[in-house]
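Okay, structure first, notes after.
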Amino acid sequence: MPEIDDYSSRVLDVVDAIPPGQVMSYGDVAEYLGKGGPRQVGQVMSRFGAAAPWWRVIHADGTPAPGHEAQALAHYLDEGTPLRSARPPVRVNLRQARWTGAS
DNA sequence: GCAATGACTGGTA
DNA sequence: TTACCAGCCATTG
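Going by our numbering, the residue at position 99 of the first sequence is 178; the numbering climbs one at a time, nothing skipped.
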């Protein structure tokens, strides 16, 4: 198990705070933290994503993490996340599902 | 210090 | 819709 540094810890904290049925883009998370960038968030998710609801963090175009599309889709259907496309390429409707930190 | 790399993004064709 | 490109930022060799 890799050690979790402070930045990664914050990223996971935000991801964990995303309510079911909603998502955030990598860029959104980075902007929310006010530090680093989308690539940094992605790197954290690749390392520690397993310890958080990674399927709620997707690309700006609504597509989930590569290599986990089927898993992500299963969670979306289970949580009722608004989908624009329920089959590959799987795409979440960010217009509705986007979570900015406001409850 | 430089170059390559990656679960990124937005624009253009 | 997909494909390619330039910009972006931290990590790694």
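Cβ atoms here follow ideal geometry from the backbone N, Cα and C, with glycine treated the same way.
- Under the three-state reduction of DSSP, residue 102 is assigned to strand.
- Boundaries of the alpha helix (DSSP H) around residue 89: 85-96.
- Inter-residue distance for residue 170 and residue 162 is about 6 angstroms (C-alpha atoms, whole angstroms).
- Under the criterion of beta carbons closer than 8 angstroms, residue 104 and residue 138 qualify as touching, at roughly 6 angstroms.
- Residue 84 and residue 122 have their alpha carbons spaced roughly 13 angstroms apart.
- Excluding its 5 nearest sequence neighbours in each direction, residue 146 has no C-beta neighbour in its own chain below 6 angstroms.
- Runs of the alpha helix (DSSP H) lying entirely within the stretch 103-157 and spanning at least 4 residues, in chain order: 105-112 and 117-127.
- No residue range can be given for residue 177, since it is assigned to no alpha helix (DSSP H) and is classified by DSSP as neither H nor E.
- Relative to residue 80, the option among 90, 127, 166 and 164 whose CA is nearest is 127.
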